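The listed protein sequences derive, respectively, from chains A and B. Note that this note's numbering has the first sequence beginning at 122, numbered continuously upward. Note that this note's numbering has the second sequence beginning at 122, numbered continuously upward. Cβ coordinates follow ideal geometry from the N, Cα and C atoms, glycine included. None of the values given here were measured: they were computed from a predicted structure. Worksheet: the structure to be examined is printed underneath.
Number of protein chains: 2
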Amino acid sequence: MWLLEAPPPPALQERYGFSPGPDWLDHLQKSCVRIGASGSFVSPHGLILTNHHVGAGQLQKMSTSERNYLKDGFYAPSLKDEIPCPDMEVMVLWSTEDVTKRIEGAVTTGMTPGEDEKARRKAMTEIEDASEKATGLKSQVVKLYRGARYHLYRYRRYTDVRLVMAPEEETAFFGGDTDNFEYPRYDLDICLFRVYENGHPLEVEHYLKVGRDEAHEGDLALVFGHPGRTNRLCTVDHLRFQRDIEIPTNLAWLWRREVQLTTFMARNDENARIADREFFGVQNSRKSRVGYMASLQDPEIARTELDLETKLRAWVAADPARQAAWGDAWDAIASADSTYRGFYWRHQVLDGRVGGGSALFGIARNLVRMAAELPKPSKDRLREYRDTNLESLELDLYSPAPIYPTLETDRIASGLSYAIETLGGDDPLVQAMLAGKAPRARAEELVHGSKLADIAVRKALAAGGTAAIAASGDPMIRLAAAIDPEARALRQRYEDTVDGVQTDAYAKIGAANFALHGEEIYPDATGTLRMAFGPIRGLEEDGHPIPAFTTFAGMYERAAERKGKLGFELPPRWVERKDRLHLDTPLNFIFTADIIGGNSGSPVVDRHGDLIGLIFDGNIESLAWDVAYSDTRGRAVAVDIRGILEALRVMYDAKPLADEIEGR
Amino acid sequence: MWLLEAPPPPALQERYGFSPGPDWLDHLQKSCVRIGASGSFVSPHGLILTNHHVGAGQLQKMSTSERNYLKDGFYAPSLKDEIPCPDMEVMVLWSTEDVTKRIEGAVTTGMTPGEDEKARRKAMTEIEDASEKATGLKSQVVKLYRGARYHLYRYRRYTDVRLVMAPEEETAFFGGDTDNFEYPRYDLDICLFRVYENGHPLEVEHYLKVGRDEAHEGDLALVFGHPGRTNRLCTVDHLRFQRDIEIPTNLAWLWRREVQLTTFMARNDENARIADREFFGVQNSRKSRVGYMASLQDPEIARTELDLETKLRAWVAADPARQAAWGDAWDAIASADSTYRGFYWRHQVLDGRVGGGSALFGIARNLVRMAAELPKPSKDRLREYRDTNLESLELDLYSPAPIYPTLETDRIASGLSYAIETLGGDDPLVQAMLAGKAPRARAEELVHGSKLADIAVRKALAAGGTAAIAASGDPMIRLAAAIDPEARALRQRYEDTVDGVQTDAYAKIGAANFALHGEEIYPDATGTLRMAFGPIRGLEEDGHPIPAFTTFAGMYERAAERKGKLGFELPPRWVERKDRLHLDTPLNFIFTADIIGGNSGSPVVDRHGDLIGLIFDGNIESLAWDVAYSDTRGRAVAVDIRGILEALRVMYDAKPLADEIEGR
């Protein structure tokens, strides 16, 4: 997960004899897009290739009970058929700058860790605001190495994004939850969008071309995308906190919601349709968190982590100057986690899960907080309300995406019950939230009483500021307002006593690491652009070889083998047109690049920079990469560009689109 | 839930003009059987009618990957075709006796609540042992009114039980989890067994005959069965403990196991087969616990409970003698729960969920504890190892039921991971259990290393006592032995500081209740024989009437409406033979009798004592009955005997069986 602004890693030259130059890297950087997760331009006319499961949130929002793009797929044979997305944002990283010194300069001696953190956050906002004013580019400061470095990233931003093509969900997610994070796989997990500017397709200089060479087992493959979060630089005590507190709490919520949504969806077809993406998200997170927890619970991995940490700490302790500068960092992190235990669940509930993922509650909370925050100078606000983030926030807040009362009720009832389950039914704030009713009855009252489904109502409340919020009788606004004082206090406490302290401490550990190892290690994932690489390579399981590539033929075999099972149904066209396909066309492949959630949709390129596929998954063993990377059993899983082009032409009558991608 | 040994409730005469005499009640009592849950004799030749979901545990154990009785059903056209059950026990209540004075007499002044409880338990065992020696009947002391009364129950016990008939799971549980606890329903939830004695069908004097009158809306219907547990006499603080601690913890486990088993079963058909019953049990408990939690979270129900308690406490406080005798009971219960909070999760894990439901771990724990307990006098042992319980224990311990390594591994891995999630990975006992491995690796090692699947090995260990256990290298025995000291200590602590204290206190509240109300209220359910009653009565939902009875025609309509959905598939014979059925035959009906889990399989009779149906469910609203009964929206759900007879004749070619039931 190398930074593109850092020099290319020596391993690339040493192991593969490949040294990408600055132009090569610049071209890749500007061909990539941030689109929730990852994607890339694949034609000069703003065409974007990403995963189906990345685009699916938009498909869900665009669908109705009559027209289900998610389930049935979509193809626009011409530009005029392309459908605008309700609230999609595409960002292209344009330039970067190291601003560590400016951020660190904001911290003065004598500040407490809480004050340190506040000073850093203010400095970040000031730098972003200034950059945005100066360049017109979306600007974001990224905290790297958990606080040892700060880089300013500037993006071009687009919001006129239209749907071009999506396969059926059954094809994109063939094998369902059963085969998710497994290999072999047979998924056409793709979705194509097009970026428009001023009503016309965006003409781009940088885009990826389809590989001139065919990919083979053993070839070097490189990935460019936005890995979301890893925990490799975490201290051993911090990992223990995750193992014993964070992940079990998170998983308990996911297990709970998975069952609740299953019963909600079983009630009728419309429920199944409207909760589809939420359910996928819950299942996908659950499977990934289960895998991560298994790594945290594995004493062998724990021993490796402990060895590394023990060596670094011994090296620090061996020198009084090093010990004085950095020696207290590990205990500071453990102590902050121990502090956090005292209010962890309350923070999780009140600043997080209480709304159960309700759209209306999210809107209400944003309106309540905007009213409080916007009158302040940008740098003094809660970070997400800074000037440079308002456009993104409003895209979301005023989204025309449908809001379904049945699903909203289920979410809020779940969130309110969770508050009782976690904080107890006698808690005064919990009682205030329930207003004397049982969770489900209260949820119905809130959902049916609120007018926030109406975008004009949201805009009026936002325009009216504090006075409008105070005067509003909307029950969802009143609920959000009732929770907000304590939720904000808990967040403040978290930032002051946990996050701030840990940022300080990790900056020290980062410095110690740099001093000992040089800058040879890359920072933990931060949801920003990174490069990873490795050879295309199969696996061995119980003595049987699993080849790196699968084909359409394998997909049909798997469908026959698991006939009638959930997730293994093929759409009618895939049954009817089977004979027209070149069945030996590669469909998916695996390789050893270091990826993680957020890399979904990342282009996979060869050393020419040519597109050979796109990431859509990692295998179960790759989930351990959250803590430590190893290429023994872990693999990244990609859709092969050859399978994509074959499917577009044969299954979807989308020859023009395939031609556009191939530059014909 | 009236005791049969108490006088018939006045309401039966007042509301329905019905006064059952002692002979009528004695006949009903001896026609009923305890069979896990409930059932009844329905022919003079030992034929027992119960629910499919009551018999299904045996069906699961009798099935193989080649012959799946659970899924495909079974019918024995003649006695020689009936199949012996691996470990089924049938008990018939033969006589009862009030032993309250003898139990209370064992408690002497100056004892602590823990000593009180120990003395009572010893007295219970002594009474049981003596009764069994004197009468040859299985004897069990039942704690009623949470400790205000103790009754000795004596049973005839049978273990040669053979399967006669079971429908397909799809028919018995039509509608699956979606329609479970809902109404209207269309389930043929029946299973027929036959009791044998000395190799011949047991000839019984008392059995139920099919109704001479047809049942109609408005008719009085009576239920005889074994409701498992209610919490109506619980104090408000005790209900709060359930709401905030017990039920959320229990549900979190169920949600977790439901998802884990879903993924286990999705892997292949054999996994789906072997985990079928466990999965049903988890889903069924989950749905019922969700309903119960909703009642506990409902402020209206809480207010009603508080009002009742406030009145009783005020009445007690109004008189110094009453206050002195009973006044401290409520605070004692609250204080015991508060004590329990301090070790609740540790107790739940180590004395409960750590094995994840593993059969092998259960066997190991029993062997370890038997070795420690059996050398002591019966009255000094842990209650389940008392002499009078050993036959039942051994039926289970030496059961030939299959043990599946894949499922065992899944259970133990889940239990071990749960121990980490709940107690933390650094806990010394948790580390000892894991023996340096990750939960799944450790589970595999335990399951593949243990020889306890071999019944002879179990018997040898049991025969060898403490020395054999100490010398055993079986890894499952070693695990159980490692956990046992702390598990037993926690159990002791629970019995001394929670259960004992609460039994003392509830005895006081019971006495206060009797003094104020007389013995007009029946005790909380205790898994022993009770009578309930009420009229057959439909419902209204959103202004639409829901008739009390459903028919086969309705079943086919529902199947068509939910075609292709999980749980709504009809077996081939039900599709093929539809035209032969009298489609207007009643299949299920609802009425207002007060039932709860454990009543499954209870016979429903009319005032003649004739069989008109059998309980198989309650609706969602009936789940609130755990705390408080109300006939406004809550209903018991039964299979109609007419539907049973029609299905036996038309669908299963079981005319001889139907004739036997009808006495033809």
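query, result
"Cβ contact (3+ pairs, closer than 8 Å) linking the stretch 197-205 of chain B and the stretch 273-293 of chain B", "yes"
"Closest by C-alpha distance to Q469 of chain A, when choosing among A:L133, A:T425, A:A608 and A:Q181", "A:A608"
"Proximal residues of chain B, C-beta to C-beta of G545 of chain A below 9 Å", "R361, R364, D365 and I366"
"C-beta neighbour in chain A for A423 of chain B, strict 9 Å", "yes"
"Partners in chain B for L744 of chain A, counting only beta-carbon separations shorter than 7 Å", "Here the premise fails: no neighbours, minimum Cβ distance about 13 Å."
"Nearest-angstrom Cα separation, counted from L273 of chain A out to G718 of chain A", "23 Å"
"Per DSSP, the bridge partner or partners of Y271 of chain B", "B:K264"
"is_contact[T185 of chain A, chain B] using C-beta, thresh 9 Å", "no"
"S186 of chain B classed as buried or exposed, judged by whether at least 16 other C-beta atoms fall within 10 angstroms", "exposed"
"Chain A contacts from the stretch 459-473 of chain B (Cβ-Cβ distance under 8 Å)", "none"
"Extent of the continuous beta strand (DSSP E) run through V285 of chain A", "V282 to A287"
"Any alpha helix (DSSP H) of 4 or more consecutive residues that is wholly inside the stretch 580-628 of chain A", "596-615"
"Touch test, the stretch 617-629 of chain B against the stretch 228-235 of chain B, Cβ-Cβ under 8 Å, three pairs minimum", "yes"
"Cβ distance (whole Å) where R275 of chain A is taken to contact S216 of chain A below 8 Å", "5 Å"
"Test: S538 of chain B CB closer than 9 Å to a CB of chain A", "yes"
"For V163 of chain A and K201 of chain A, the rounded distance between their alpha carbons", "19 Å"
"Contiguous beta strand (DSSP E) assignments of at least 3 residues, all confined to the stretch 677-742 of chain B", "707-712, 724-726 and 732-739"
"Element boundaries [beta strand (DSSP E), containing I667 of chain B]", "H665 to I667"
"Residues near G346 of chain B by beta carbon distance below 6 Å, same chain, minus five either side", "S159, N720 and S723"
"Neighbouring residues, chain A, relative to D419 of chain B (Cβ below 7 Å)", "A559"
"Within chain B, partners of E379 of chain A - CB distance below 9 Å", "W376, E379, V380 and T383"
"Short CB-CB distance (under 9 Å) between A522 of chain B and chain A", "no"
"Residue(s) in a DSSP beta bridge with W123 of chain A", "A:M652"
"Chain A residues whose Cβ lies nearer than 8 Å to that of A681 of chain B", "Within 8 Å Cβ-Cβ: nothing; A681 of chain B doesn't reach chain A, min ~14 Å."
"Chain B within 9 Å of L372 of chain A, Cβ atoms only", "yes"
"C-alpha gap between L146 of chain B and R504 of chain B, whole angstroms", "31 Å"
"Cross-chain neighbours of A387 of chain B in chain A, by beta carbon under 9 Å", "G297, D298, T299, K686, L687 and G688"
"6 Å Cβ shell around T753 of chain A - same chain, five flanking residues per side excluded", "none"
"Contact under 9 Å by Cβ, R398 of chain A with L372 of chain A", "no"
"Beta-carbon proximity of T706 of chain A to G755 of chain A, cut-off 9 Å", "no"
"Boundaries of the alpha helix (DSSP H) in which F345 of chain B is found, first to last residue", "It is not in any alpha helix (DSSP H) - F345 of chain B instead sits in the beta strand (DSSP E) that spans L341 to G346."
"DSSP-derived helix/strand/coil call for P441 of chain A", "helix"
"Local Cβ density within 10 Å of S416 of chain A, reported as buried at 16 or more and exposed below that", "buried"
"Neighbour list for E542 of chain A in chain B, Cβ cutoff strictly below 7 Å", "P369"
"Entirely enclosed alpha helix (DSSP H) segments - the stretch 302-375 of chain B, minimum 4 residues", "357-362"
"Buried versus exposed call for A632 of chain A [16 or more other C-beta atoms within 10 Å across all chains shown]", "buried"
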